[in-house]
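Written below as structure tokens is the structure these notes are about.
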Amino acid sequence: MPCFSLRLAIVGLLVCVSCVLRAQPQDWVVVPSAYEFSMTLTFTISVDGLVGAGEQNVAAIFDGSGNCRGVGATDFQANSGYFTGLMLVYGNQASETGLEVRIWDASLDSLPTCDNDLDFVANGIIGSLANPQVLYGVYDPLVGCTNPDACNYLASAITDNGSCIFPGCNDLMACNFVAASPCYDNNTCAYPELYFDCEGDCLNDFDGDGICDELEIGGCTDDRACNYDPLATDEDCSCDYPFYPLDCNGDCYIDLDNDGVCEADEIAGCDDPVGCNYDPVFTDNDGSCIYCCYSIYDDALGFSLNVERYAGLGADQPGLTGLTTFRVYMTCSHPQDQVLTVSGSGGNSTFIGSDNNFYQSASGGLLVTDIDSSAFANNIEVALDSWLTIGLDQPGATSEPAPLSASTGLWSTLFELGESLFIGGVSGDGWSTDPSNEASFAGDDLSVLLGQFTSATPIEGSLNVTVLPFGETEPVTITPLFVAPPCGCTDPISCNYDAASTYDDGSCQYANIGEDCNGNCTNDSDNDGICDGEEVAGCLDFNASNYNALATDNDSSCLYLGCTYLYATNYTLGSNSDDGSCLFELSNPCPADINGDGVTTAADILSILAAYGLPCQQ
96 MPCFSLRLAI VGLLVCVSCV LRAQPQDWVV VPSAYEFSMT LTFTISVDGL
146 VGAGEQNVAA IFDGSGNCRG VGATDFQANS GYFTGLMLVY GNQASETGLE
196 VRIWDASLDS LPTCDNDLDF VANGIIGSLA NPQVLYGVYD PLVGCTNPDA
246 CNYLASAITD NGSCIFPGCN DLMACNFVAA SPCYDNNTCA YPELYFDCEG
296 DCLNDFDGDG ICDELEIGGC TDDRACNYDP LATDEDCSCD YPFYPLDCNG
346 DCYIDLDNDG VCEADEIAGC DDPVGCNYDP VFTDNDGSCI YCCYSIYDDA
396 LGFSLNVERY AGLGADQPGL TGLTTFRVYM TCSHPQDQVL TVSGSGGNST
446 FIGSDNNFYQ SASGGLLVTD IDSSAFANNI EVALDSWLTI GLDQPGATSE
496 PAPLSASTGL WSTLFELGES LFIGGVSGDG WSTDPSNEAS FAGDDLSVLL
546 GQFTSATPIE GSLNVTVLPF GETEPVTITP LFVAPPCGCT DPISCNYDAA
596 STYDDGSCQY ANIGEDCNGN CTNDSDNDGI CDGEEVAGCL DFNASNYNAL
646 ATDNDSSCLY LGCTYLYATN YTLGSNSDDG SCLFELSNPC PADINGDGVT
696 TAADILSILA AYGLPCQQ
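Spelled out as structure tokens, the structure:
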């Protein structure tokens, strides 16, 4: 301990001592300010050979002029077992000899005779708590310890009073600790073996098995377990038993696909790391892998682009065959993040394109707000136009100020002609929103729509976007990008087959039955422009009784009603369906004379029989 700190401690102790000692001689008072130097004295008091036994005994140091140079009292020290005191001894010389020691016996309130002198050394340290300086006082110099080997040997004593104290070990941790010894020999201390007491018993033996807790070997003590440890002395509940579906070697009882995963533990799902929905938890591929998600690159500020397939158009929509509509969103990190502009210039360009031109409706517009709302709602060709926006997904009602605006130029003209969107020229080119546009805030879904793009192939690109993050006063510019996946229609017989696609994205579109991908008939036998599969057979003659306005092919089924009997007076030429209206004139007085011989005979009956079943001549 530094001298300064030690002296502060001693001063504190001395102040405390002066508070409790009230019967000591009144002249035992030190004036520290009168002296230039000091030294530290750690002491114990022996009275008539009883070393360190007196409580609140006081020692003082005086010079030859009767000046008190130091004073201190003893207190009990548990580590030594006897009473020890501290004092500062003062002086004006670097060294002095023969300072007088005086002792006040608190138990008898008296002053024994002292047989000690003390030498002063400036800044010196005499004694310690473990080995204090012994200050001797006697009432009878002829009575005391007469053994020269004792710590408290009294040379003047001729009568031994049994007070001799001999050197010993004063370390409390030692087995041979001697509490009353004011002197000690470090070499005599004996200590127990680690983890044992002085009697050789374990300090800690929770289970009472005679093995110290610190020496226990934890492990499985059950020889039936897979991890049985014959060296273990303490069961630590670590026993591992074979548990279906595994044996002790960790091998599966049943593993049909030999992938090292037991059948009972297999989890079906997308186990292909390339798949968008891959999860390492899946161990069996169930064919559910999705490979056609866009590669989205996040901005460092927590913003990114997201591309969604909005609509896939079938061949039943002329002019839109094989097209897919995509929508591009800005994904934000807070519902109150606001998108302000999309622009491009120089090295911070904005680009969205595909391998094919964008579909642009003649009734569409550059911005979604430029499109007629009625046409947008009722005409699919208009609804799937390619357009730009910030948040708004439909035209809506006209408002002031206008929610969207754009700086038109060559870029907008080319885009409206179906070319790729590219803004990289004049600074300020692009589109923006009025700050009052609520749709420009991210909202609960953290997304802001930036545009709609209809093409026969996937789109990709990057955008230069100005965003006002929540809680900020200044907007920031970010340039997130997205990459089109190698996905498309992989069926060669489809109308929108893409040979470059690695994965099928479910977008395949097929022609209607009997038609090609352009809507033309694949079979038209009569070349009437109606596919054979769509022909309707029936009567095409408006004058026929069974005219079919839906018929496209004449099947010779037309019916014309009238009298079909040639000899009837109202026979109708051209009739092919008798309506029972025939009329006859009976001018022959003998109608039964079939053969006209003027006589009705059996020959007439034979003529009738011969003609029976034959069709009548028309």
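Our numbering numbers the first residue of the sequence shown as 96 and each following residue consecutively. We put the CB at the ideal spot given by N, CA and C, even for glycine.
Own chain, CB closer than 6 Å to residue i, minus 5 neighbours either side, in chain order
i             : result
serine 676    : Cys658
glutamate 403 : Arg422
alanine 217   : Phe132 and Ala189
leucine 656   : Ser640, Ser672 and Asp674
glycine 397   : Ser428
cysteine 343  : Cys321 and Pro337
threonine 552 : Ser449, Asp450 and Asn451
leucine 558   : Val437 and Thr445
cysteine 653  : Cys634, Asp636 and Ala639
serine 522    : Ser440
Residue from the options whose Cα sits closest to the Cα of residue i
i                 : options                           : result
threonine 528     : Leu462, Glu330, Ser141 and Asp214 : Leu462
glycine 486       : Asn451, Gly525 and Leu435         : Leu435
leucine 661       : Phe679, Val571 and Ala639         : Phe679
glycine 628       : Thr464, Thr647, Thr484 and Ser651 : Thr647
phenylalanine 453 : Asn401, Leu509 and Gly442         : Leu509
tryptophan 123    : Val153, Asp143, Leu499 and Val146 : Val153
cysteine 307      : Thr328, Asp324 and Asp318         : Thr328
leucine 418       : Asp366, Glu476, Asp692 and Gly364 : Glu476
tyrosine 389      : Asn622, Ser652 and Asp600         : Asp600
Alpha-carbon spacing of residue i relative to residue j, whole angstroms
i                 : j                 : result
valine 125        : glutamine 119     : 13 Å
aspartate 480     : phenylalanine 377 : 41 Å
cysteine 98       : isoleucine 198    : The predicted model places cysteine 98 with a pLDDT of 35, which falls under 50 and marks its position as unreliable; any figure quoted below should be read in that light. Each residue's alpha carbon lies about 26 Å from the other.
aspartate 674     : tyrosine 666      : 11 Å
glutamate 309     : threonine 283     : 28 Å
leucine 203       : glycine 303       : 53 Å
alanine 269       : aspartate 292     : 10 Å
proline 581       : valine 369        : 12 Å
proline 340       : aspartate 354     : 14 Å
glycine 242       : tyrosine 248      : Before going on, a small fix: residue 242 reads as asparagine here, not glycine. Approximately 6 Å, taken between the alpha carbons.
asparagine 322    : asparagine 271    : 46 Å
serine 672        : glycine 459       : 59 Å
serine 333        : glycine 314       : 6 Å
cysteine 590      : serine 596        : 14 Å
glycine 263       : threonine 169     : 22 Å
phenylalanine 171 : threonine 208     : 23 Å
histidine 429     : alanine 537       : 7 Å
aspartate 210     : asparagine 299    : 50 Å
serine 438        : glycine 583       : 30 Å
methionine 425    : valine 571        : 14 Å
asparagine 187    : tyrosine 290      : 54 Å
aspartate 699     : alanine 663       : 21 Å
glutamate 358     : proline 575       : 44 Å
alanine 606       : leucine 645       : 24 Å
serine 128        : glycine 161       : 17 Å
cysteine 616      : alanine 534       : 47 Å
leucine 499       : threonine 484     : 7 Å
Sequence-distant residues of its chain with Cβ nearer than 8 Å to residue i (five each side left out)
i             : result
glycine 305   : Cys297
aspartate 360 : Pro340 and Thr378
aspartate 212 : Thr192, Gly193, Leu194, Glu195 and Val196
Local conformation of residue i per DSSP, three classes
i                 : result
glycine 628       : helix
phenylalanine 536 : strand
valine 273        : coil
glutamate 716     : No statement about residue 716 is possible, as the shown extent of the chain runs from 96 to 713 and does not include it.
glycine 409       : Reliability of the predicted coordinates at glycine 409 is poor, the pLDDT of 44 falling under 50, and the value obtained from them is presented with this limitation in mind. Correct three-state label for glycine 409: coil.
serine 676        : coil
glutamate 358     : helix
serine 438        : strand
tryptophan 506    : helix
threonine 464     : helix
aspartate 200     : strand
phenylalanine 471 : helix
asparagine 282    : helix
aspartate 699     : helix
Residue-level contact to chain B via CB, residue i, 7 Å cutoff
i          : result
serine 602 : Absent from the structure: chain B. Only one protein chain is present.
Nonlocal neighbours in the same chain, by C-beta distance under 7 Å from residue i, ignoring five residues either side
i             : result
aspartate 244 : Phe261
valine 184    : Ser133, Met134, Leu136, Ile156, Arg164, Gly165 and Phe215
tyrosine 286  : Met268, Ala269 and Cys270
- Query: Taking three-plus beta-carbon pairs below 8 Å as touching, is the region 500-509 in contact with the region 538-548?
  - Reply: Too few Cβ pairs lie closer than 8 Å, so no.
- Message: Would you call the region 556-564 in contact with the region 457-472, where contact means no fewer than 3 C-beta pairs closer than 8 Å?
- Response: They do not touch, by the three-pair rule.
- Item | Inter-stretch contact at 8 Å, needing at least 3 Cβ pairs: the region 603-611 / the region 630-637 | When C-beta atoms of the region 603-611 are compared with those of the region 630-637, fewer than three pairs fall below 8 Å, so the two segments do not count as touching.
- Any 3 or more C-beta pairs closer than 8 Å across the region 219-230 and the region 135-143: Between the region 219-230 and the region 135-143, the count of C-beta pairs closer than 8 Å reaches three or more; the two stretches touch.
- Query: Do the region 507-522 and the region 434-450 make contact, defined as three or more Cβ pairs closer than 8 Å?
  - Reply: Short answer: they touch.
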